[in-house]
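Peer 1: Following this message is one structure expressed as C-alpha cells.
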Amino acid sequence: MEHQEQHEKEAEEAINAINKKTGRNMPQAIATGAVLVILILACLLISIDLFVYLVVLFMVLALWELRVDFATVGLHIPVVVLWVCSAATLLSTYYSERHIVAMTVCVLASLVIVAIAASAKVTFGSRISLAVADKLSHTDAGARLESSFNHERGEVSHSRLSHVAVSMFTVLYIPLLASCIIMPLTFNEHPVAHAIMMVFMPALSDTGGLFAGAWLGKHKLSPRISPKKSWEGLAGSILFSMVGSFVVMFCTYEPAVWASRWWVPVVAGFMIGVAGTFGDLCASMLKRDIGIKDMGHLLKGHGGVIDRVDSILLCAPFVCVLLWATGM
0 MEHQEQHEKE AEEAINAINK KTGRNMPQAI ATGAVLVILI LACLLISIDL
50 FVYLVVLFMV LALWELRVDF ATVGLHIPVV VLWVCSAATL LSTYYSERHI
100 VAMTVCVLAS LVIVAIAASA KVTFGSRISL AVADKLSHTD AGARLESSFN
150 HERGEVSHSR LSHVAVSMFT VLYIPLLASC IIMPLTFNEH PVAHAIMMVF
200 MPALSDTGGL FAGAWLGKHK LSPRISPKKS WEGLAGSILF SMVGSFVVMF
250 CTYEPAVWAS RWWVPVVAGF MIGVAGTFGD LCASMLKRDI GIKDMGHLLK
300 GHGGVIDRVD SILLCAPFVC VLLWATGM
C-alpha cells in the first residue's frame, strides 16, 4: 500500500510539473480535445452541412467571449448584430453559387452595419455586467497591472470611434477569417479532407509545438508576449503539421496527383506551423493588452473558444489559397 501511494505521489508530481511547464491542465486539455475531435469528425461523417453549422456555433461563442473581454476594459461591440452578420456571412459563403462574391458582399455589408450599431452603443439587459464581473474574478492581478488600460485615474472613457474600430476589427477577425474555413468545402470535391486540413492540422501543429516546447524549449520566441513559446516549439509545430498534411493527402488523393504535387504538404505544413504560431501570439498579445489570462472558460484545459481557434483562424486564408491554387 505504501509503495502504491509513493507511485501515485510521483505521478501527481510529474503531472503538476508538466502542467506548470505547458501552462495548461493537461489531463483536462486532453479530455476536452478528444471530445472536440469526436464531435467534429461525427459532423463531417454525417453531413458537411452539420460541420458548417458547427463552425457557425463556435464563431457565435467566440464573439460572445470577445464581447466580454472588450467590455472588461470599457469597449463595446454590438454582439447581437455581429452574431447575425457572422451567421449570414458563413452560411452565404457555403450555400451561394458564387461563394467568393457572397463572402465579399457579406463582409463589406457587415462592416457598415456593425459600425453603425457600434456607434449607437445599444445594449440588451444586464447579463454582460455579470459576465464582466465573473471575468474579472478569474483575472490575475499581475495581468491587470500589465494591461495597456491600467491607469491611475481608474477606468478610461473611450471615444465612439474606439468602439467602432474594435467592432470592425472583430468583423475582420471572426466572420472574414472563418469564411476561409468554409470556402475550401466548396471547391475541388474534397470537402472532408479540406475540413481536416483547415481544423485539425493547426490543432496538430499546436500539439507539436506544445510537446516540443515543453521538453526541448530553451530559446524563447517572444518572451514579452508569450513566455511559453520557443523556437524549438515552432520547429515542432512545423514538423507535426507537415507529417499530418502528408497523411491527410496520402489518404485522400490518387497516386497520379502525388507525382506532380508531392511538395504541397511540405508547403502546407510550413505555412500552418508559422501562421498558427503567429495566430497564438496575436491572441496572446490581445490578452496581454487587455489584461486577461484566457479569452474564456468554456473549454476545460484550453481556456475559451478563441484560445482554441486563434491559430485555426490565422491559418485559414493561407491554406485556403494553397488548396485552391494547387487544385488539391
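What the sequence shown shows, in numbering that gives the first Met the number 0, is residues 0 to 327, in sequence order.
Every residue gets a Cβ at the ideal spot worked out from N, C-alpha and C, and that includes glycine.
Since the model is a prediction, treat every value here as computed from it, not as a measurement.
#1: Please state whether the Cβ-Cβ distance between Ser-221 and Lys-228 is less than 7 Å.
#2: Opposite Lys-219 in the DSSP bridges: which residues?
#3: Consult DSSP for His-75 and reduce its assignment to one of helix, strand or coil.
#4: With distances taken from CA atoms, which of Thr-92, Thr-251, Lys-217 and His-75 is nearest Ala-114?
#5: Enumerate in chain order the residues of its own chain whose CB-to-CB distance from Leu-321 is below 8 Å, with the five nearest sequence positions on each side excluded.
#6: Can the beta-carbon of Ala-86 be found less than 7 Å from the beta-carbon of Val-55?
#7: Going by other Cβ atoms of all chains shown within 10 Å of its Cβ, with 16 needed for buried, is Pro-331 buried or exposed?
#8: Measure the Cβ-Cβ separation of Gly-235 and Ala-255 and say whether it is below 7 Å.
#9: Cβ atoms of Ala-194 and Leu-89: under 7 Å apart, would you say?
#10: Which residues in the same chain have their Cβ closer than 6 Å to the Cβ of Val-273, if we skip the five residues on either side of it in sequence?
#11: Give the straight-line distance between the Cα atoms of Gly-73 and Leu-110, rounded to the nearest whole angstrom.
#12: Apply the 10 Å Cβ neighbour rule to Ser-91 and answer buried if 16 or more other Cβ atoms are within range, or exposed otherwise.
#13: Which of helix, strand or coil does DSSP assign to Arg-97?
#14: Please state whether DSSP places Arg-152 in a helix, a strand or coil.
#15: My output table needs one value for Asp-309: the three-state DSSP class, helix, strand or coil.
Peer 2: So, from the data block:
#1: yes
#2: Ser-229
#3: Reduced to three states, the DSSP call for His-75 is coil.
#4: His-75
#5: Excluding positions up to five away in sequence, the list reads Val-263, Val-266, Ala-267, Met-270 and Met-327.
#6: yes
#7: Residue 331 lies beyond the residue range present for the chain, which begins at 0 and ends at 327; the question has no answer from this structure.
#8: no
#9: no
#10: none
#11: 21 Å
#12: The residue in question, Ser-91, is buried, as its Cβ has 16 or more Cβ neighbours within 10 Å.
#13: coil
#14: Low local confidence applies: a pLDDT of 46 at Arg-152 is under 50, so the model's placement there is unreliable, and no value is given.
#15: The answer is helix: DSSP assigns Asp-309 an H, G or I state.
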